[in-house]
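Chemist: Taking our numbering, I'd label the letters of the sequence shown as residues 1184 to 1377.
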Amino acid sequence: MSLRNILVSSFISAGLFMSVAHADTWQLDSDNSELSFVSVKNDHVAEVHRFTELQGEWQNNTVTIEIPVVSLDTQIPIRNERMLEHLFNSNEYPIVSAKATLEDTVLLDMPVGGTLPLSADMMVYIAGDSDTVSAHMQVTRLSENRFLATTTQPIIIDTKAFGLVSGIDKLREIAGLARIDYSVPVTFSVQFSR
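1) Compute the beta-carbon to beta-carbon distance between Pro-1337 and Pro-1300, rounded to the nearest angstrom, for a pair I have assumed lies under 8 angstroms.
2) Count the other CB atoms, across all protein chains shown, that sit within 10 Å of the CB of Gln-1374; report buried if there are 16 or more and exposed otherwise.
3) Can you tell me the Cα-Cα spacing of Ala-1204 and Gln-1242, whole angstroms?
4) Taking the straight line between their C-alpha atoms, what separation do you get for Leu-1360 and Ala-1332?
5) Can you name the residues that DSSP bridges to Gln-1336?
6) What are the boundary residues of the alpha helix (DSSP H) that Ala-1358 is part of?
7) Hey, how far is the Cα of Arg-1324 from the Cα of His-1269?
8) Taking the Cβ atom as the reference point for each residue, do Ile-1250 and Val-1221 lie within a distance shorter than 8 angstroms?
9) Should Leu-1237 and Ser-1213 be called a contact, given that it needs their Cβ atoms to be closer than 8 angstroms?
10) At the level of alpha carbons, what is the spacing between Lys-1343 and Ile-1363?
11) Going by beta carbon distance, what residues of the same chain come within less than 7 angstroms of Val-1307, once the five residues before and after it are set aside?
12) Comparing C-alpha positions only, which one of Tyr-1365, Ile-1340, Thr-1334, Thr-1335 sits nearest to Val-1348?
13) Have a look at Ala-1303 and Arg-1377 and give me their C-alpha separation to the nearest angstrom.
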C-alpha cells in the first residue's frame, strides 16, 4: 500500500471515529436529576412542587427531556390529583416535554472539571400546547462520561401561552383561594451520562 493510500485511510478512519464519538447518545440520569416549580397563591404564599421522574437524551446537538406528569409531587395527594386532572389533563396528555438545540462540539471538547455558561431556547410542550422559553444554565463536565446542567436563573412559564389559565382558575375555585399566579418559575438540575 502506498504512503498516499495509508494517509487517506488514516484520515477516513479518524473522521469515522470522530463522527461516532460525536454521535454518542447521552442519557438523562433520573436518579441524579430534578425539576421543580413554584406556585404562588393569594399573592404571598409560595410553595415548591416537583416532578420525581425525568427522562431524556442528548444526541446530535439535540436535547430532549420528557416528564411523566403522574410523577408530580406537591406534598398533598389531593392537590396532586386536582392538578393532574384540571391543569395537566393527564389522561389525554401524560407527558410534558422540552426540546433544545445545542452546539455540542463546544461541550464535548470541554475538559473534565470545566464549566461553561450556556443559554438555549427550549420548545416546551404542556397539555397539547407549546411555546418557546429561554433557559440560562451552567454546564459542568463532571467526568469523561457525565455532564451536569443547572439553571442559573428560573425559567418563567407563562401559563397563558399554554392554555392553562382555565385550569388554574378551576384549582383556585376548588381551593377557595383569591388568586393563583399565572407566571410559574421553574428550575432544574439534570445530569447526562453515556
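Note that beta-carbon positions come from the ideal geometry of N, C-alpha and C, so glycine has one too.
Modeler: In short, the structure shows the following:
1) As a working mapping, residue 1337 is identified with position 154 in the sequence shown. As a working mapping, residue 1300 is identified with position 117 in the sequence shown. Not really, about 16 angstroms apart at Cβ, beyond 8 angstroms.
2) Mapped onto the sequence shown, residue 1374 falls at position 191. Flag for Gln-1374 reads buried.
3) As a first step, residue 1204 must be located in the sequence shown, where it is residue number 21. As a first step, residue 1242 must be located in the sequence shown, where it is residue number 59. Any reading at Ala-1204 needs caution, since the residue's pLDDT is 43, under 50, leaving its predicted position unreliable; the model's value is listed next. Cα to Cα, the separation comes out at about 11 angstroms.
4) Stepping through the sequence shown from its first residue, residue 1360 is reached at position 177. Stepping through the sequence shown from its first residue, residue 1332 is reached at position 149. The alpha-carbon atoms of Leu-1360 and Ala-1332 are separated by roughly 36 angstroms.
5) Counted from its first residue, the sequence shown places residue 1336 at position 153. According to DSSP, Gln-1336 bridges with nothing at all.
6) Your numbering for residue 1358 matches position 175 in the sequence shown. For Ala-1358, the uninterrupted alpha helix (DSSP H) segment begins and ends at 1348-1358.
7) Here the question's residue 1324 lines up with position 141 in the sequence shown. Here the question's residue 1269 lines up with position 86 in the sequence shown. Going from the Cα of Arg-1324 to the Cα of His-1269 covers about 40 angstroms.
8) For the purposes of this step, residue 1250 is taken as residue 67 along the sequence shown, with counting starting at 1. For the purposes of this step, residue 1221 is taken as residue 38 along the sequence shown, with counting starting at 1. Contact: no.
9) Translated into the one-based positions of the sequence shown, residue 1237 becomes position 54. Translated into the one-based positions of the sequence shown, residue 1213 becomes position 30. Taking C-beta atoms as the reference points, Leu-1237 and Ser-1213 count as a pair closer than 8 angstroms.
10) Residue 1343 sits at position 160 when you count from the first residue of the sequence shown. Residue 1363 sits at position 180 when you count from the first residue of the sequence shown. Roughly 13 angstroms between the two C-alpha positions.
11) Indexing the sequence shown from 1 puts residue 1307 at position 124. Non-local beta-carbon contacts of Val-1307 in its own chain, meaning distances under 7 angstroms to residues more than five positions away in sequence, involve Ala-1281, Ser-1313, Asp-1314, Val-1316 in chain order.
12) The residue labelled residue 1348 in the question sits at position 165 within the sequence shown. Answer by Cα proximity: Tyr-1365.
13) One-based indexing of the sequence shown puts residue 1303 at position 120. One-based indexing of the sequence shown puts residue 1377 at position 194. Between the alpha carbons of Ala-1303 and Arg-1377 lies a gap of roughly 22 angstroms.
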